[in-house]
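Be aware that the first sequence starts at 723, since it is given in this note's numbering, and climbs by one per residue. Even glycine gets a Cβ: it sits at the ideal position worked out from N, Cα and C. Remarks on the structure that follows.
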Amino acid sequence: MKIKYELIKEEKQSKARLGKIISKYGEYETPMFMPVGTQATVKTLSPEEIKEIGTGIILSNTYHLWLRPGEDVIAKAGGLHSFMNYSGPILTDSGGFQVFSLAKPKDITEEGVTFKSHINGDKLFLTPEISMNIQNKLGSDIAMSFDECPPASANYEYMKKSVERTLRWAKRGKEAFNNPDQCLFGIIQGGYFEDLRKHSALETVKIGFDGYAIGGVANDNESKEEMYKAIQYSTPYMPSDKLRYLMGVGDPIDLIEGVIRGVDIFDCVIPTRLARHGHAYTKYGKINLRNAKYKEDFSPVDDCDCYACKSYTKSYIRHLLVAGETFGSRLLSVHNIYFLHKIMSNIRTAIREDNLLEYKDKFIKEYYGEN
RNA sequence: GCGGUAUUGGUGAAGUGGUUAACACGCUGGAUUGUGGCUCCAGUACACGUGGGUUCGAUUCCCACAUAUCGCC
723 MKIKYELIKE
733 EKQSKARLGK
743 IISKYGEYET
753 PMFMPVGTQA
763 TVKTLSPEEI
773 KEIGTGIILS
783 NTYHLWLRPG
793 EDVIAKAGGL
803 HSFMNYSGPI
813 LTDSGGFQVF
823 SLAKPKDITE
833 EGVTFKSHIN
843 GDKLFLTPEI
853 SMNIQNKLGS
863 DIAMSFDECP
873 PASANYEYMK
883 KSVERTLRWA
893 KRGKEAFNNP
903 DQCLFGIIQG
913 GYFEDLRKHS
923 ALETVKIGFD
933 GYAIGGVAND
943 NESKEEMYKA
953 IQYSTPYMPS
963 DKLRYLMGVG
973 DPIDLIEGVI
983 RGVDIFDCVI
993 PTRLARHGHA
1003 YTKYGKINLR
1013 NAKYKEDFSP
1023 VDDCDCYACK
1033 SYTKSYIRHL
1043 LVAGETFGSR
1053 LLSVHNIYFL
1063 HKIMSNIRTA
1073 IREDNLLEYK
1083 DKFIKEYYGE
1093 N
């Protein structure tokens, strides 16, 4: 069964939307944060732990699963859900981001992209058709268009050409796409050029997708203001009855700012990456658990209901991190994902009560402190 | 007791008769936004066993001592 989206209400103070995703696995409210499980696992966490946190959709990656173990293996296993034992919705990224991170501009042609495998250096060729075929076989609930994701700082000429190519790739992908149980989302590009974002959004919507994403942000040291502009240049042209997905964004304040500008779902590697590197979100800002000052701090990471905070102390987690024990990364991954999940829950409450801007002010005051 | 070898920062370990004595680990911070997981960046260390001698100059050469270690009796 294909996922459906239902808009419940729009907030009065901002463009924020409360909505609902209906899937065969259950219903999930939006705005929502999706943890990233690149290689069919959210690093260090079991599917049961993800379920317990309660986030809903997880993201996995076409490129990585294509290379290893291969989409045919996963198809034989009965699809990605069955393969990884995750009974919740899964979104697969198309491999477009790897174009950005692994290929050079000269390797991008109209037909597709040539780049080297990060595993063994093999020369690889990815096209919209190949990406759709792989995603069809993986059997994710939401597949993404194969796009080009240039750095946000790319100049106007390049960005314009890139937007046009991404549109042509989107059409080709839609034609090649062939799985009635899966949704296919289009991706809007255009950097922070207002006219390109508008054009990209209008033309992508014209092609017609089950949902729409904003890509190409938070990838190039651009300022937060520039990023927020790229969002608000895009959302006005995105249909209100379809999911809106801001790709790759996960900084707590960016989630709030994104929702304010009309975004429904987000994904980001940052909570789990920070966790593996010993950092934890707290109400009062991000902390580095490796810091010596936590050596004998026997309080929990944060005032929080997650599995890690209910039973473990900063001192213990610090010890695990310093000793290189993976349980430390796991506890912090649980906590950081829970933290973002909780923010999204608070955001949804604020939308219901039409006081999201007050929530944002309160959050900023606590998170970034008085100074 | 005799003979050999060694002694460099918290640890391991280079090196040189002459400006600021490598490097690694550790330790202390920082970074991280559609993941090339366990990385990257920066900072930190009264360091040349002790006492003499040779030399313009010794951590580097010589002697003694101390300590460690190996072998022999």
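So the beta strand (DSSP E) residue i belongs to, where does it begin and stop?
| i | result |
| --- | --- |
| Ser745 | 739-745 |
| Tyr967 | 965-968 |
| Tyr950 | Looking at the DSSP string, Tyr950 is not in any beta strand (DSSP E); the run it does join, the alpha helix (DSSP H), is 946-956. |
| Asp942 | Counting along the chain, Asp942 falls outside any beta strand (DSSP E), and DSSP gives it neither H nor E. |
| Lys773 | No beta strand (DSSP E) holds Lys773; the alpha helix (DSSP H) holding it covers 769-775. |
| Pro757 | 754-757 |
| Phe931 | Careful: Phe931 lies outside any beta strand (DSSP E) and carries neither H nor E. |
| Met866 | 864-866 |
| Leu813 | 812-815 |
| Thr1004 | 1001-1004 |
| Leu781 | 780-783 |
| Lys1017 | Careful: Lys1017 lies outside any beta strand (DSSP E) and carries neither H nor E. |
Rounded to the nearest angstrom, what separates residue i and residue j at their Cα positions?
| i | j | result |
| --- | --- | --- |
| Phe915 | Phe1049 | 44 Å |
| Val821 | Pro791 | 20 Å |
| Glu897 | Phe868 | 12 Å |
| Val971 | Ala940 | 7 Å |
| Glu1018 | Ser1037 | 5 Å |
| Ile743 | Ala892 | 24 Å |
| Lys1082 | Lys773 | 27 Å |
| Asp1025 | Asn1068 | 15 Å |
| Ala876 | Ala923 | 18 Å |
| Ile1059 | Ala1014 | 24 Å |
| Asp863 | Ile987 | 14 Å |
| Met960 | Arg966 | 7 Å |
| Thr766 | Tyr1034 | 17 Å |
| Glu1075 | Tyr934 | 26 Å |
| Glu948 | Asp942 | 11 Å |
| Ile978 | Ile909 | 21 Å |
| Ala865 | Tyr1016 | 43 Å |
| Lys928 | His921 | 10 Å |
| Tyr878 | Val835 | 21 Å |
| Pro958 | Leu1011 | 41 Å |
| Gly741 | Ser839 | 39 Å |
| Asn807 | Val795 | 15 Å |
What is the residue span of the alpha helix (DSSP H) that residue i lies within?
| i | result |
| --- | --- |
| Phe1085 | 1078-1090 |
| Asn858 | 850-860 |
| Phe837 | Note, Phe837: premise wrong, no alpha helix (DSSP H); beta strand (DSSP E) at 835-838. |
| Ser884 | 878-898 |
| Ile1073 | 1048-1074 |
| Lys731 | Segment 726-732 is the beta strand (DSSP E) holding Lys731; no alpha helix (DSSP H) there. |
| Lys1036 | 1036-1044 |
Please look up how many angstroms separate the CB atoms of residue i and residue j, rounded, as I've assumed it's under 8 Å.
| i | j | result |
| --- | --- | --- |
| Gly801 | Gly895 | Incorrect: roughly 20 Å between the Cβ atoms, too far for contact. |
| Glu870 | Thr888 | 5 Å |
| Pro811 | Ile779 | 4 Å |
| Gly938 | Gln911 | 5 Å |
| Arg739 | Glu749 | Not confirmed; about 16 Å, so no contact. |
| Ala797 | Lys859 | 4 Å |
| Glu1080 | Lys1005 | So it is not a contact: roughly 16 Å between Cβ atoms. |
| Gly1000 | Leu1053 | Between Leu1053 and Gly1000 the Cβ distance is about 11 Å, and since that is not below 8 Å, they are no contact. |
| Met881 | Gly913 | 5 Å |
| Lys724 | Ile982 | Going by Cβ atoms, the distance from Lys724 to Ile982 rounds to 29 Å, so no, they are not a contact pair. |
| Glu944 | Ala874 | 4 Å |
Closest by CA to residue i, which one among the options?
| i | options | result |
| --- | --- | --- |
| Ser853 | Glu833, Pro872, Gly843 | Glu833 |
| Met754 | Leu1011, Asp794, Leu1062, Lys946 | Leu1062 |
| Gly984 | Leu968, Asp1083, Ile1065 | Leu968 |
| Tyr950 | Met960, Asp976, Ser962, Asp932 | Asp976 |
| Ser997 | Asn783, Val1023, Asn877, Asp986 | The identity of residue 997 in the sequence shown is Ala, whereas the question assumes Ser. Comparing Cα positions, the closest option is Val1023. |
| Ile992 | Tyr1006, Asp973, Gly980, Lys1008 | Asp973 |
| Phe1020 | Ala1045, Arg1040, Lys928 | Arg1040 |
| Asp815 | Leu787, Tyr959, Ala797 | Leu787 |
| Pro902 | Lys726, Leu1079, Glu1088, Phe1085 | Lys726 |
| Glu886 | Glu925, Ala874, Lys859 | Glu925 |
| Leu781 | Lys765, Thr760, Ala799, Val795 | Thr760 |
| Thr777 | Thr766, Ala762, Pro757, Ser768 | Pro757 |
| Tyr955 | Ile936, Val1056, Ser962, Glu944 | Ile936 |
| Thr752 | Phe1085, Ala1072, Asn1077, Gly1091 | Ala1072 |
Taking 7 Å as the cut-off, does the CB of residue i come closer than this to any heavy atom belonging to the ligand GTP?
| i | result |
| --- | --- |
| Asn858 | The ligand GTP is absent from the structure shown, which contains no ligands of any kind. |
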